[in-house]
Amino acid sequence: MKILRHLLTPFLVLVSPTINAQAVDLIQEANGNYNHIFQNPNPNIIQEKLITISTDFLASDVENLTQIKIMLFDNMSITANRGKIIHDILLSDLWVGSVEGIANSSVILAISATSISGKVKVFGRTFFIHYFNGQQLLREVVEPNVIESWSNQIDETKEQRVYEIVNSERSASNLYPYNYDTKLARSSRLHSEDMAKNNYFSHTSRDGRSPFDRIKAQGYQYSRAGENIAAGASTAEQAMELWMNSSGHRAAILSSQYCDIGVGYSSANRYKHLPNYHHA
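According to mature numbering (1 follows the signal peptide of the UniProt record, and there is no 0), the residues represented by the sequence shown are -21 to -1, 1 to 259, in order.
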């Protein structure tokens, strides 16, 4: 996969209309265990299978991917039309579009040189494409209902959505859900607002404080802690796909060493920041 890089403008968003072009297949047919549907005992996973990313797709420039054909389950083949590309975020390019002719559909793909992660929503069904242990996996999942207690603790819709998706990913991996902590959320939101207001992107604050310094300042005690941050993604789903396509960020989301999480979002400037903290 050839990834286009913008060194001087790493958060550049390019919006362009769909043009008439031949759709590129994302998934190629394969023998053996590939394309064999596995039954997962996890009640949140409807079905899953190993897939192979097509050589045509891997050989394509991201800029040329105006249409992508994706074969899902039940012989369902969809064609996704590109809406925009967000370049060079967490070593991935974010391809955002919708399914041709289908209202209320969405396709988000985080494309790096070595892996692809994504989410497809169409016909009321939700599919994930993930990269695990050197293999690509296609999974259909049950979208969790919003738990009322989450809504009471989280004011911002985007922050709430990140929390929901994080725990959905953890559930699909047979992991316990993270608890939401308001002290971590305040630390995360303050740092997010500071980055957006002052136009920078770093785990280290302008005053030199680390994530650990910031959460201690909010009165949170921990034995182990970590931080994910993202910029440029306009939705929680886009930020999550970037994180899930990055091994280090994915490891924090799917860690068994943390128990709490706080999410902060700010759009005070042209950058969108969605830091999320995982703590034990």
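Even glycine gets a Cβ: it sits at the ideal position worked out from N, Cα and C.
Residue i in three-state terms, based on DSSP
i: D53; result: coil
i: Q200; result: coil
i: F191; result: helix
i: N178; result: coil
i: Q139; result: helix
i: T34; result: helix
i: Q217; result: helix
i: A89; result: strand
i: N224; result: coil
i: L154; result: coil
i: R61; result: strand
i: L116; result: strand
i: S71; result: strand
i: S246; result: coil
i: E27; result: strand
i: residue 322; result: It is not possible to answer for residue 322, since the shown part of the chain is limited to -21 through 259.
i: N83; result: coil
i: V41; result: helix
i: D160; result: coil
i: A230; result: helix
i: D186; result: coil
i: N19; result: coil
i: E172; result: helix
Spatial neighbours of residue i in its chain, beta-carbon cut-off 6 angstroms, leaving aside the 5 residues before and after
i: R229; result: M223
i: G62; result: V75 and G76
i: I49; result: L5 and I57
i: R168; result: G243
i: K137; result: A215 and Y244
Pair within 7 angstroms by beta-carbon distance, residue i and residue j
i: K162; j: Q200; result: no
i: I16; j: K28; result: yes
i: G205; j: A231; result: yes
i: V101; j: I57; result: yes
i: A89; j: L73; result: yes
i: A175; j: S85; result: no
i: F106; j: L51; result: yes
i: residue 260; j: G97; result: Because the chain is modelled from -21 through 259, residue 260 falls outside the range shown and cannot be assessed.
i: I65; j: G227; result: no
i: N21; j: N153; result: yes
Expected contact under 8 angstroms - CB spacing of residue i and residue j to nearest Å
i: I24; j: R118; result: 6 angstroms
i: A209; j: I144; result: So it is not a contact: roughly 12 angstroms between Cβ atoms.
i: D173; j: R185; result: 7 angstroms
i: V141; j: A92; result: Contact flag wrong, Cβ pair sits at about 26 angstroms.
Contact test: residue i Cβ vs the ligand MG heavy atom, cutoff 6 angstroms
i: A209; result: The model on display carries no ligand, and the ligand MG is accordingly not part of it.
Contact set for residue i: own chain, Cβ-Cβ below 8 angstroms, skip 5 residues either direction
i: R149; result: Y155, P156, Y157, I232 and L233
i: E79; result: Q46, I57, T58, A59 and N60
i: E122; result: T105 and S147
i: T34; result: Q7
i: V120; result: N23, I24, I25, T105, F106, F107, S147 and A151
Neighbourhood of residue i by C-beta, 7 angstroms cutoff - its chain only, sequence neighbours within 5 removed
i: Y170; result: The question names Tyr, but residue 170 in the sequence shown is His. Counting only Cβ-Cβ distances below 7 angstroms, and skipping sequence neighbours, we find S184, R193, G243 and P254.
i: S94; result: Y110 and N224
i: F191; result: A204
Cβ pair count under 8 angstroms reaching 3, the segment 235 to 243 against the segment 163 to 181
Between the segment 235 to 243 and the segment 163 to 181 there are three or more inter-stretch CB-CB distances shorter than 8 angstroms, so the stretches are counted as touching.
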